[in-house]
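So the protein lines, in turn, are chains E and Z.
Read in order, the letters of the first sequence correspond to residues 275 to 488 in the numbering used here.
Read in order, the letters of the second sequence correspond to residues 275 to 488 in the numbering used here.
Each residue gets a CB set at the ideal place from its N, CA and C atoms; glycine is no exception.
Heads up: the structure comes next, in structure tokens.
Protein chains: 2
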Amino acid sequence: MPSKEISTNRPGSGRTPRPATRRRGTQLEVALLDAAWAELTEVGYSAFTMEGVATRAKTSRAVLYRRWSNRSSLAIAAIRRQTKLAVVDIPDTGTLRDDVLALLRHASARFGEVAGVFSFLIADHFNETGMSAAVLRERALAGEPTAWQIVLDRAVARGEIDPDVLSPRIASLPLDLVRHDVIMNRSSVPDKTLVEIVDRIFLPLVFADRPRRP
Amino acid sequence: MPSKEISTNRPGSGRTPRPATRRRGTQLEVALLDAAWAELTEVGYSAFTMEGVATRAKTSRAVLYRRWSNRSSLAIAAIRRQTKLAVVDIPDTGTLRDDVLALLRHASARFGEVAGVFSFLIADHFNETGMSAAVLRERALAGEPTAWQIVLDRAVARGEIDPDVLSPRIASLPLDLVRHDVIMNRSSVPDKTLVEIVDRIFLPLVFADRPRRP
DNA sequence: AATGTTAGATACAGTTATGACTCTTAAATT
DNA sequence: AATTTAAGAGTCATAACTGTATCTAACATT
Numbered sequence: 275m276p277s278k279e280i281s282t283n284r285p286g287s288g289r290t291p292r293p294a295t296r297r298r299g300t301q302l303e304v305a306l307l308d309a310a311w312a313e314l315t316e317v318g319y320s321a322f323t324m325e326g327v328a329t330r331a332k333t334s335r336a337v338l339y340r341r342w343s344n345r346s347s348l349a350i351a352a353i354r355r356q357t358k359l360a361v362v363d364i365p366d367t368g369t370l371r372d373d374v375l376a377l378l379r380h381a382s383a384r385f386g387e388v389a390g391v392f393s394f395l396i397a398d399h400f401n402e403t404g405m406s407a408a409v410l411r412e413r414a415l416a417g418e419p420t421a422w423q424i425v426l427d428r429a430v431a432r433g434e435i436d437p438d439v440l441s442p443r444i445a446s447l448p449l450d451l452v453r454h455d456v457i458m459n460r461s462s463v464p465d466k467t468l469v470e471i472v473d474r475i476f477l478p479l480v481f482a483d484r485p486r487r488p
Numbered sequence: 275m276p277s278k279e280i281s282t283n284r285p286g287s288g289r290t291p292r293p294a295t296r297r298r299g300t301q302l303e304v305a306l307l308d309a310a311w312a313e314l315t316e317v318g319y320s321a322f323t324m325e326g327v328a329t330r331a332k333t334s335r336a337v338l339y340r341r342w343s344n345r346s347s348l349a350i351a352a353i354r355r356q357t358k359l360a361v362v363d364i365p366d367t368g369t370l371r372d373d374v375l376a377l378l379r380h381a382s383a384r385f386g387e388v389a390g391v392f393s394f395l396i397a398d399h400f401n402e403t404g405m406s407a408a409v410l411r412e413r414a415l416a417g418e419p420t421a422w423q424i425v426l427d428r429a430v431a432r433g434e435i436d437p438d439v440l441s442p443r444i445a446s447l448p449l450d451l452v453r454h455d456v457i458m459n460r461s462s463v464p465d466k467t468l469v470e471i472v473d474r475i476f477l478p479l480v481f482a483d484r485p486r487r488p
């Protein structure tokens, strides 16, 4: 059977009509990471394979292995890239409440999209490396002040809130709750819930010692 | 090579000194489920295999397959058993704060179990069924009032808190935050954090309209 | 004591992914 | 134009797990 079609093996002339172009360098790497991200969001980490990514990216596994030695590295790289890409335009409505709500709505919608990726947060990689979702998040956001932080800073600058009552835990509370909700329900958070988080939990804590806003 | 050691294959006389006892019936089944639970909490669902469970239980896969046809059935059975077993003894210190703290400490200490169960909930099985962790949790707790609910009810009965300010979201807030923390950090929650959640977030919200406690 | 059930060991075929390796050739570099 | 790099196609050995099956001896039942 090895004598079948001897040396008609020339690529381009064989049964597989290969595209005449080859991606290189950054262009290729971006394509690979995008494919990896798409794979992650669609099939989840548990079914995330080098083979699947290679197929989707229309390349071979070798190209992937040259850059990432295993699937968890690739997954992390894809997540990193995606979090960098996801630039939020920062709301500036003039009130803390509306700024915060705008960001939560955005976060909820976005978390909802990538809910499948959260499977990654639990999976084997963290068992091996001892890394956690929190660590990954910190690294991904390293340096850059988040939109969230900027919105809070502005509220402090306006004199709307007292920086002393804004402990890190209270500051991150709304986003934490939205994230928790998404993880538990595997879907974006109803707007009613977002409003409740802001009006019944976050703002009362932030304005605890002050008279209520007008 | 098949003629090597013909018929010295008698178990008990071979190279493997097998234990002379055999578990049966309920005793065996309990051992299997315990092994499955241990495996689930330690390696997570993505690395949860019939083979791993069998090895841990010191039995063969056939014994597992006779009872559960695949790993998700086995995982579900193990989780079911555990949720039945895990009876929390309900603290009754006389104050809401200490009761709540006791329950949070208990929940935090069992973080590994949370992580194990979550790794299952989030894995592929649920991608297909569309079920969410929140739904499954409700089902698991169906009927039975939780220790958490009982503690809150007692505080209401003592007149310590006003049932009207205790919306479902605020009521579940401390547990939600602990769960979120466990998921994000893959470890138990520092006691300092638990105290902060109770004293800086939960109690201020619950006692919002009242004078501070003595 | 005889009989039936089944735990537990072992083997096997089939599937899927890994990771290393060829080889040709498109694209970049010189 | 000549040379170097590496994309992309493909092969192969290895490993892990699945699900089924076979066999024996330890237990329960009679």
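Quick one: what's got a C-beta closer than 6 Å to residue i's C-beta in the same chain, skipping five residues either side?
{"i": "T367 (chain E)", "result": "D373"}
{"i": "E407 (chain Z)", "result": "Note on residue identity: the sequence assigns Ala, not Glu, to residue 407 (chain Z). Only L395 meet the Cβ criterion."}
{"i": "L348 (chain Z)", "result": "A310 and W342"}
{"i": "T300 (chain E)", "result": "none"}
{"i": "E387 (chain E)", "result": "none"}
{"i": "M405 (chain Z)", "result": "none"}
{"i": "R474 (chain E)", "result": "none"}
{"i": "R355 (chain Z)", "result": "L307"}
{"i": "T357 (chain Z)", "result": "A414"}
Does residue i pass the burial test, meaning 16 or more other C-beta atoms within 10 Å, or should it be called exposed?
{"i": "E412 (chain E)", "result": "exposed"}
{"i": "T369 (chain E)", "result": "exposed"}
{"i": "L451 (chain E)", "result": "buried"}
{"i": "S334 (chain E)", "result": "exposed"}
{"i": "R345 (chain E)", "result": "buried"}
{"i": "T295 (chain E)", "result": "exposed"}
{"i": "A381 (chain Z)", "result": "buried"}
{"i": "G288 (chain Z)", "result": "Confidence at G288 (chain Z) is low in this model, with a pLDDT of 35, below 50, so the placement of that residue is unreliable and no value is reported for it."}
{"i": "L359 (chain E)", "result": "exposed"}
{"i": "S393 (chain Z)", "result": "buried"}
{"i": "M458 (chain Z)", "result": "buried"}
Less than 9 Å between the C-beta atoms of residue i and residue j, yes or no?
{"i": "L307 (chain E)", "j": "A352 (chain E)", "result": "yes"}
{"i": "L479 (chain Z)", "j": "W422 (chain Z)", "result": "no"}
{"i": "L415 (chain E)", "j": "A445 (chain E)", "result": "no"}
{"i": "T420 (chain E)", "j": "R443 (chain Z)", "result": "no"}
{"i": "S320 (chain Z)", "j": "S441 (chain E)", "result": "no"}
{"i": "L302 (chain E)", "j": "I350 (chain E)", "result": "no"}
{"i": "A482 (chain E)", "j": "V430 (chain E)", "result": "no"}
{"i": "D465 (chain E)", "j": "R379 (chain E)", "result": "yes"}
Among residues of its own chain, excluding the 5 on either side of residue i, which ones have a beta-carbon nearer than 7 Å to its beta-carbon?
{"i": "A309 (chain Z)", "result": "V327, R330 and A331"}
{"i": "I424 (chain Z)", "result": "I364"}
{"i": "R453 (chain E)", "result": "F385"}
{"i": "T323 (chain E)", "result": "R345"}
{"i": "V313 (chain Z)", "result": "For clarity, residue 313 (chain Z) is Glu in the given sequence; the question names Val instead. Cβ within range, chain order: F322, G326, V327 and R330."}
{"i": "L338 (chain Z)", "result": "L306, M324, V327, A328 and L348"}
{"i": "R432 (chain Z)", "result": "none"}
{"i": "A383 (chain Z)", "result": "S462"}
{"i": "R340 (chain Z)", "result": "none"}
CB-CB under 8 Å to residue i, same chain, minus the five flanking residues each way: which ones, in chain order?
{"i": "V469 (chain Z)", "result": "L375"}
{"i": "V362 (chain Z)", "result": "L377, H380 and A421"}
{"i": "I435 (chain E)", "result": "L370, L426, A429, V480 and F481"}
{"i": "F494 (chain E)", "result": "This structure leaves residue 494 (chain E) out entirely; chain E is present only between 275 and 488."}
Rounded C-beta distance between residue i and residue j? I'm assuming under 8 Å.
{"i": "V463 (chain Z)", "j": "V472 (chain Z)", "result": "With 8 Å as the limit, V463 (chain Z) and V472 (chain Z) do not qualify as a contact, their Cβ atoms being about 12 Å apart."}
{"i": "F476 (chain Z)", "j": "P437 (chain Z)", "result": "At roughly 15 Å, the Cβ-Cβ gap does not stay under 8 Å, so F476 (chain Z) and P437 (chain Z) are not in contact."}
{"i": "R297 (chain E)", "j": "A305 (chain E)", "result": "6 Å"}
Flag residue i as yes when its Cβ comes closer than 8 Å to any non-hydrogen atom of the ligand FMN, and as no otherwise.
{"i": "H380 (chain E)", "result": "By its list of ligands, the structure shown contains no ligand whatsoever, and the ligand FMN lies outside what it can speak to."}
Quiz item: Got a sec: which bits of the stretch 343 to 354 of chain E sit with their beta carbon under 9 Å from any beta carbon on chain Z, in order along the chain?
Solution: none
Self-check item: Near-chain E residues of the stretch 447 to 478 of chain Z - C-beta to any C-beta below 9 Å
Solution: L447, D450, L451, R453, H454, D455, I457, M458, N459, R460, S461, T467, E470, I471, R474, I475 and P478
Self-check item: Contact list for the stretch 400 to 430 of chain E against chain Z, Cβ threshold 7 Å
Solution: F400, N401, S406, A407 and A408
Quiz item: Residues in the stretch 309 to 333 of chain Z with C-beta within 7 Å of chain E's C-beta atoms, listed in sequence order?
Solution: V317, G318, S320 and A321
Quiz item: Which residues, in order along the stretch 433 to 445 of chain Z, keep a beta-carbon less than 8 Å from a beta-carbon of chain E?
Solution: S441, R443 and I444
Quiz item: Closer than 7 Å, Cβ to any Cβ of chain E: which residues of the stretch 355 to 382 of chain Z, in chain order?
Solution: none
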